[in-house]
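Below you'll find the structure, written out as structure tokens, and then a few comments.
In the working numbering, the protein residues as written are 6 to 292.
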């Protein structure tokens with residue numbers, strides 16, 4: 006009886022939300038690793054594949070480099086970061102944003118991603134409560150945060166994240182977690198074809214590529230998760246936010262007109278908003 010009462014307490018909205026906030030901090034710390042290391046891992050794999058295709062030997066033997074190894078170290082002095090210096094947010098505050106050894110500044114981006122992951126995790130937990138929708142929504146949210154960070158840094162949306170996200174969305178539809186299978190499949194097809202058509206239409210008239218092909222796959226994944234009914238809302242929100250931020254950066258001379266702006270972060274933000282408040286926004290718009 007006591008264990009049942011403890012379980013009931015843990016699944017109450019406030020306790021569950023707080024717990025997911027703590028989990029979000031830990032996951033945010035891991036997402037920092039993914040955002041930094043996954044593109045490097047991909048670049049090394051591409052280089053190795055090119056050398057193999059050209060039948061050339063790799064002049065430098067590949068070192069072990071993945072999401073777990075080698076241990077995290079300071080980018081300035083290469084000193085391995087101790088466990089007590091790697092506690093999300095708290096270590097950054099304790100060290101005053103500096104390396105414990107060389108005193109070089111640590112990017113504020115790391116605690117910001119940890120805090121943002123915690124905040125969005127709490128929003129998802131509070132919105133869905135203790136349910137399979139919350140578990141799935143957390144996975145979607147964390148994946149979108151990782152994709153946003155990588156796209157901002159490298160203008161790249163890795164298939165290693167996007168494609169599993171697409172297949173997971175289709176798989177969840179078999180159990181009607183968010184939408185039915187037919188709605189999910191139509192959403193995935195429509196999402197991909199929508200941006201595919203925009204891409205080729207823009208290229209036909211201007212001779213330039215207006216977006217990366219990873220954006221097609223990301224919208225397809227969001228369509229698989231949320232259904233085709235949300236695609237219009239996602240496109241509208243991402244376009245509005247992208248246009249406002251883009252014009253603001255250009256007007257402040259923070260962005261040149263001929264430098265492409267990654268569209269993935271705006272799709273990700275629109276997808277998260279649609280996950281949490283899509284029903285209300287669609288009802289308000291069409292009502």
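From the three backbone atoms N, C-alpha and C, an ideal C-beta is built for every residue, glycine too.
Residue i (DSSP reduced to helix, strand or coil)
i           : result
residue 75  : coil
residue 85  : strand
residue 50  : helix
residue 60  : coil
residue 234 : helix
residue 18  : helix
residue 7   : Residue confidence for residue 7 is low, a pLDDT of 49 falling below 50, so the modelled location carries little weight; the figure read from the coordinates is stated next. Reduced to three states, the DSSP call for residue 7 is helix.
residue 80  : coil
residue 110 : strand
residue 213 : coil
Reference residue i; option with closest CA among the options
i           : options              : result
residue 115 : 13, 154 and 171      : 154
residue 130 : 223, 20, 271 and 269 : 20
residue 157 : 35, 271, 54 and 285  : 271
residue 222 : 206, 207, 273 and 73 : 273
residue 107 : 67, 146 and 82       : 82
residue 243 : 47, 211 and 278      : 278
residue 231 : 212, 203 and 192     : 192
residue 224 : 209, 245 and 201     : 201
Residue i, buried or exposed, once every other Cβ within 10 Å from all chains shown has been counted against 16
i           : result
residue 172 : exposed
residue 7   : The pLDDT assigned to residue 7 is 49, lower than 50, so where the model puts this residue is not dependable; a value taken from the coordinates is nonetheless given after this. Its Cβ having fewer than 16 others within 10 Å, residue 7 is exposed.
residue 289 : exposed
residue 216 : buried
residue 127 : buried
residue 139 : buried
Cβ of residue i within 8 Å of any chain B Cβ
i           : result
residue 211 : Within the model displayed, chain B is absent; a lone protein chain is all it includes.
Inter-residue CB distance, residue i and residue j (contact presumed, cutoff 8 Å)
i           : j           : result
residue 196 : residue 228 : 3 Å
residue 123 : residue 26  : 5 Å
Delimiting residues of the alpha helix (DSSP H) encompassing residue i
i           : result
residue 142 : 137-159
residue 105 : That residue, residue 105, is in no alpha helix (DSSP H); it is neither H nor E in DSSP.
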